[in-house]
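These protein sequence lines are chains H and C, in that order.
Here the first sequence stands for residues 1 to 391, numbered as in this note's numbering.
Here the second sequence stands for residues 1 to 391, numbered as in this note's numbering.
We put the beta carbon where it would ideally sit given N, CA and C, even for glycine.
2 protein chains.
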Amino acid sequence: MPLQDFMKLVSVDDHAIETADVWTSRVPAKYGDAIPHVEEVEVDTVRLQLNATAHGRVQTWVYAGKTYPSIGLNAVAGKDPRTWDVEPARFDDMRPGCYDPVARLADMDADGVWAQLCFPSFPRFAGTRFLEGEDRALALDCIRAWNDWMLEYWCGVAPDRYIPVCVLPLWDLDACVTELRRAIDLGARCISFPENCSPLGLPSFHTDHWDPVFARAEEAGMPLMMHFGTSGRTPFVSPDAPAPVVVSQMGLNSMSATADLLLSPTFHKFPRLQVALAEGGTGWIPYLLERIDSVWERHRWYSGVDVETRPSTLFARNMWGCFITDQAGIDLRHRIGVDRLLYESDYPHSDSLWPHSRKHLAEALTDVPDDEAHRIAELNACELLRWRPWV
Amino acid sequence: MPLQDFMKLVSVDDHAIETADVWTSRVPAKYGDAIPHVEEVEVDTVRLQLNATAHGRVQTWVYAGKTYPSIGLNAVAGKDPRTWDVEPARFDDMRPGCYDPVARLADMDADGVWAQLCFPSFPRFAGTRFLEGEDRALALDCIRAWNDWMLEYWCGVAPDRYIPVCVLPLWDLDACVTELRRAIDLGARCISFPENCSPLGLPSFHTDHWDPVFARAEEAGMPLMMHFGTSGRTPFVSPDAPAPVVVSQMGLNSMSATADLLLSPTFHKFPRLQVALAEGGTGWIPYLLERIDSVWERHRWYSGVDVETRPSTLFARNMWGCFITDQAGIDLRHRIGVDRLLYESDYPHSDSLWPHSRKHLAEALTDVPDDEAHRIAELNACELLRWRPWV
Chain H
1 MPLQDFMKLV SVDDHAIETA DVWTSRVPAK YGDAIPHVEE VEVDTVRLQL
51 NATAHGRVQT WVYAGKTYPS IGLNAVAGKD PRTWDVEPAR FDDMRPGCYD
101 PVARLADMDA DGVWAQLCFP SFPRFAGTRF LEGEDRALAL DCIRAWNDWM
151 LEYWCGVAPD RYIPVCVLPL WDLDACVTEL RRAIDLGARC ISFPENCSPL
201 GLPSFHTDHW DPVFARAEEA GMPLMMHFGT SGRTPFVSPD APAPVVVSQM
251 GLNSMSATAD LLLSPTFHKF PRLQVALAEG GTGWIPYLLE RIDSVWERHR
301 WYSGVDVETR PSTLFARNMW GCFITDQAGI DLRHRIGVDR LLYESDYPHS
351 DSLWPHSRKH LAEALTDVPD DEAHRIAELN ACELLRWRPW V
Chain C
1 MPLQDFMKLV SVDDHAIETA DVWTSRVPAK YGDAIPHVEE VEVDTVRLQL
51 NATAHGRVQT WVYAGKTYPS IGLNAVAGKD PRTWDVEPAR FDDMRPGCYD
101 PVARLADMDA DGVWAQLCFP SFPRFAGTRF LEGEDRALAL DCIRAWNDWM
151 LEYWCGVAPD RYIPVCVLPL WDLDACVTEL RRAIDLGARC ISFPENCSPL
201 GLPSFHTDHW DPVFARAEEA GMPLMMHFGT SGRTPFVSPD APAPVVVSQM
251 GLNSMSATAD LLLSPTFHKF PRLQVALAEG GTGWIPYLLE RIDSVWERHR
301 WYSGVDVETR PSTLFARNMW GCFITDQAGI DLRHRIGVDR LLYESDYPHS
351 DSLWPHSRKH LAEALTDVPD DEAHRIAELN ACELLRWRPW V
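What follows is the structure, encoded as structure tokens:
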């Protein structure tokens with residue numbers, strides 16, 4: 001039995017639902033109603049993401065005068081899949097573990113997962129919500145408030161079970177570097193960073209814009225956790241395509257990020273920088289690396305990319321794939337690199353297998369040698385994050 | 001040696017460059033200058049696709065008053081990869097085999113490829129260029145003219161070496177059905193059809209719009225060859241991303257088409273309809289089918305998709321993957337279905353390995369049993385297309 005009891009499941013992708021007070025209790029009162037806060041509204045039907053709807057008396061975030069109805073962003077753990085088109089629209093619609101790090105520990109224990117890395121929800125996974133705010137001072141305070149909440153409160157509840165993660169004020173490079181230093185001082189071990197900055201109106205990985213941030217991250221041994229969707233784009237689907245069409249394709253975002261990064265100067269400038277493709281899946285990695293190498297071989301001469309280093313060697317040194325279930329990826333682990341695979345439980349989203357995560361991983365690892373199973377379940381994540389507080 | 005001399009290479013994806021007279025010699029003269037024709041112009045620099053440029057005295061298509069400078073759409077076979085940023089802009093810039101089906105036979109012989117399936121170039125791969133023409137009568141005549149040129153002239157040069165393919169007047173369903181019947185009478189064995197009609201302003205596969213065409217295609221045993229890019233979209237890349245970034249990701253279009261089709265009613269309504277993903281690559285297929293199945297299992301209940309039939313079983317019955325080189329796909333062939341794999345040479349584009357196609361395939365099939373190699377190289381295509389005129 002490869003997945004043995006002593007092997008901890010360290011998940012590098014889960015999601016925290018913010019409570020109503022995250023910003024109102026931390027951001028200076030001078031901003032008044034612009035501060036992100038929760039209001040109750042009566043709605044006929046409000047259309048949420050992925051064609052989900054909500055109706056009746058719902059709770060909604062309000063930030064800088066704008067309403068954001070998706071309180072319970074895909075917080076469906078424990079709900080009957082037949083009801084998944086109705087997004088949780090009130091805190092009392094969700095399991096308390098979604099927003100309460102104390103209650104969540106019991107859910108993690110039921111799930112057999114030791115540690116989680118909790119991405120933001122209202123701020124969006126890489127904090128890009130606050131790019132939308134015209135008041136940049138407020139936006140910066142909101143980023144700081146979320147980092148304080150996550151690093152001091154949430155992780156403080158169980159420092160050996162919650163992986164410290166931070167987000168950055170992406171619109172202001174100096175503020176990024178300052179906040180990164182501050183987050184490191186507060187114990188952050190990784191940064192949630194966009195998979196592609198260009199759709200956000202920010203410079204791409206093909207410029208030197210992000211160098212100060214990447215240099216600091218590399219120096220501090222802080223990986224960039226790039227969750228699919230953080231570019232603000234999703235794969236194109238027909239407007240009338242049913243929800244499963246886009247949900248099944250989200251890994252394509254991570255494939256795009258891979259091609260973009262490997263053919264950019266990033267890992268040449270920062271050879272020790274690490275990037276993990278949160279929720280990207282893994283079974284496509286051998287195909288795409290072969291494809292990128294093949295294109296690079298012939299297109300490198302005229303296109304301005306580095307001509308010396310085969311892109312797949314950069315993946316092996318700088319990138320990591322993440323999976324919830326991906327039998328193709330597990331079976332292809334030697335082509336991907338056993339040491340480059342990370343596990344995730346994605347609680348409390350619809351892709352999560354809560355409360356059976358451990359059981360499913362154990363089945364998936366049936367034919368995997370013990371030492372490889374231990375790497376995939378626990379050790380790779382601890383090595384990447386330089387975090388293993390229980391040892 | 002799996003790839004034995006008696007095994008013919010039947011390629012299901014190549015590209016024909018139209019000569020200047022294709023339409024002027026066939027379309028009624030009444031349309032005058034609106035008829036697609038070639039003009040010579042002097043340009044400083046004209047930007048073409050994929051950041052390629054051309055300069056000097058170039059030849060350009062002109063259709064309905066609009067100029068289309070890319071005469072030699074990626075027609076780079078035989079050219080030094082260091083010059084690939086400069087697109088062939090004159091017929092005398094390309095190997096004659098690009099536009100001359102007689103000269104092409106010698107190139108095919110050098111390449112070790114027995115048969116090719118030649119997609120349109122100026123009309124775009126699925127004929128969607130003619131969606132741009134306001135004069136629908138002219139557009140229909142242009143579609144007919146291309147089909148005549150391909151089916152009567154091009155294939156007529158060597159009926160046992162060129163696979164008869166047609167395109168359709170997609171803006172007019174009745175005209176589609178009529179032209180499909182006419183093309184079948186002229187010997188067509190397959191249809192080049194868009195991978196997703198929605199970006200073209202046409203109904204998606206989630207409607208019943210295309211049913212008359214699909215019914216006829218199914219009845220006639222005519223597969224739909226869906227070349228990546230025929231939706232008119234390409235994967236998003238930063239504007240400053242070097243060319244290899246988008247070139248390496250084109251298979252993502254085929255992944256999207258796969259998710260879209262398998263979660264649509266198409267193969268439920270037309271259980272014998274066949275779709276091949278031209279140039280999509282194959283190594284991603286096991287990953288994506290696993291992912292689609294997994295999402296379908298839980299999201300099927302509320303989303304309106306068919307709840308009975310696992311999507312991967314539809315792939316095994318209705319879809320085909322195509323590759324030029326794809327070692328991951330060959331090694332995973334049993335998960336994909338040895339019988340669902342098609343070979344292609346992609347002459348004369350930059351992805352082609354001309355004139356070493358046969359050699360490369362032989363190497364790729366080194367560890368493949370003879371009977372499987374024969375299926376992949378020749379028999380699968382012949383079965384799909386119901387075409388094997390040399391037997």
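Alpha helix (DSSP H) segment containing residue i, residue limits
{"i": "residue 255 of chain H", "result": "251–262"}
{"i": "residue 177 of chain C", "result": "173–185"}
{"i": "residue 266 of chain H", "result": "266–269"}
{"i": "residue 350 of chain C", "result": "Element bounds for residue 350 of chain C: n/a, residue is neither H nor E."}
{"i": "residue 393 of chain H", "result": "Given a span of 1 to 391 for chain H in the structure shown, any question on residue 393 of chain H remains unanswerable."}
{"i": "residue 212 of chain H", "result": "211–220"}
{"i": "residue 385 of chain H", "result": "380–385"}
{"i": "residue 362 of chain H", "result": "357–364"}
{"i": "residue 246 of chain H", "result": "243–247"}
{"i": "residue 373 of chain H", "result": "370–374"}
Closest Cα partner of residue i within the set the options
{"i": "residue 35 of chain C", "options": "C/67, C/55, C/57, C/201", "result": "C/67"}
{"i": "residue 152 of chain C", "options": "C/78, C/341, C/140, C/188", "result": "C/188"}
{"i": "residue 179 of chain H", "options": "H/155, H/143, H/210", "result": "H/143"}
{"i": "residue 233 of chain C", "options": "C/240, C/205, C/256", "result": "C/256"}
{"i": "residue 352 of chain H", "options": "H/112, H/40, H/127, H/230", "result": "H/112"}
{"i": "residue 38 of chain C", "options": "C/69, C/14, C/8", "result": "C/69"}
{"i": "residue 161 of chain H", "options": "H/243, H/150, H/22, H/169", "result": "H/150"}
{"i": "residue 299 of chain C", "options": "H/17, H/82, H/269", "result": "H/82"}
{"i": "residue 74 of chain C", "options": "C/94, C/207, C/62", "result": "C/94"}
{"i": "residue 218 of chain C", "options": "C/386, C/128, C/374", "result": "C/386"}
{"i": "residue 316 of chain C", "options": "C/341, C/389, C/96, C/222", "result": "C/341"}
{"i": "residue 109 of chain H", "options": "H/183, H/13, H/9, H/205", "result": "H/9"}
{"i": "residue 115 of chain H", "options": "H/86, H/336, H/155", "result": "H/155"}
{"i": "residue 30 of chain H", "options": "H/86, H/240, H/243, H/137", "result": "H/137"}
{"i": "residue 24 of chain H", "options": "H/145, H/293, H/134", "result": "H/145"}
{"i": "residue 120 of chain C", "options": "C/191, C/159, C/269", "result": "C/191"}
{"i": "residue 226 of chain H", "options": "H/207, H/280, H/266, H/97", "result": "H/280"}
{"i": "residue 168 of chain H", "options": "H/274, H/159, H/184, H/158", "result": "H/184"}
{"i": "residue 127 of chain C", "options": "C/11, C/367, C/231, C/245", "result": "C/231"}
{"i": "residue 339 of chain C", "options": "C/197, C/372, C/332, C/102", "result": "C/372"}
{"i": "residue 19 of chain C", "options": "C/89, C/7, C/2", "result": "C/89"}
{"i": "residue 43 of chain H", "options": "H/32, H/56, H/295", "result": "H/56"}
{"i": "residue 166 of chain C", "options": "C/148, C/2, C/308, C/289", "result": "C/148"}
Limits of the unbroken beta strand (DSSP E) element including residue i
{"i": "residue 191 of chain H", "result": "190–192"}
{"i": "residue 275 of chain C", "result": "275–277"}
{"i": "residue 342 of chain C", "result": "341–343"}
Opposing strand residues paired with residue i [DSSP bridges]
{"i": "residue 59 of chain H", "result": "H/40"}
{"i": "residue 166 of chain C", "result": "C/191"}
{"i": "residue 225 of chain C", "result": "C/192, C/276"}
{"i": "residue 14 of chain H", "result": "H/118"}
Neighbour flag for residue i against chain A, beta carbons, 8 Å
{"i": "residue 316 of chain C", "result": "No chain A is part of this structure, whose protein chains are labelled H and C."}
Residues of the stretch 17–41 of chain H with Cβ closer than 8 Å to any Cβ of chain C, in chain order: The stretch 17–41 of chain H vs chain C, Cβ under 8 Å: nothing.
Residue ranges of each alpha helix (DSSP H) within the stretch 281–331 of chain H, 4 or longer: Runs of the alpha helix (DSSP H) inside the stretch 281–331 of chain H: 285–303, 311–318, 327–331.
Members of the stretch 283–305 of chain H that neighbour chain C once the beta carbon cut-off is set at 8 Å: Residues passing the 8 Å Cβ filter: 283, 284, 286, 287, 288, 290, 291, 292, 294, 295, 296, 298, 299, 300, 301, 302, 303, 304, 305.
Interface positions of the stretch 73–98 of chain H facing chain C (Cβ-Cβ less than 9 Å), listed along the chain: Legend: CB atoms of the stretch 73–98 of chain H lying less than 9 Å from CB atoms of chain C belong to residues 80, 81, 82, 83, 84, 85, 86.
Every unbroken beta strand (DSSP E) inside the stretch 65–97 of chain C [3 residues or more]: Within the stretch 65–97 of chain C, the beta strand (DSSP E) runs of at least 3 residues that lie entirely inside it are, in chain order, 66–68.
Proximal residues, the stretch 247–262 of chain H versus chain C, C-beta separation under 8 Å: If the cut-off is 8 Å between Cβ atoms, the stretch 247–262 of chain H has 247, 248, 249, 251, 252, 255, 256, 259, 260 near chain C.
Chain H contacts from the stretch 134–168 of chain C (Cβ-Cβ distance under 9 Å): Here the close residues number zero.
In chain order, each alpha helix (DSSP H) run of at least 4 residues that lies wholly inside the stretch 96–138 of chain H: Within the stretch 96–138 of chain H, the runs of alpha helix (DSSP H) that reach at least 4 residues and sit entirely inside it are, in chain order, 101–111.
Chain-ordered residues of the stretch 216–247 of chain H with a beta carbon less than 9 Å from chain C: The residues in question are 231, 233, 235, 236, 237, 238, 239, 240, 241, 242, 243, 244, 245, 246, 247.
Near-chain H residues of the stretch 184–212 of chain C - C-beta to any C-beta below 9 Å: For chain H, the residues of the stretch 184–212 of chain C that bring a beta carbon within less than 9 Å of one of its beta carbons are 196, 197, 198, 199, 203, 204, 205, 206, 207, in chain order.
Residues of the stretch 349–375 of chain H with Cβ closer than 7 Å to any Cβ of chain C, in chain order: Those residues of the stretch 349–375 of chain H that come within reach of chain C (Cβ to Cβ, closer than 7 Å) are 350.
Where the stretch 115–133 of chain H meets chain C: residues whose CB sits under 9 Å from a CB there: Flagged: no residues at all.
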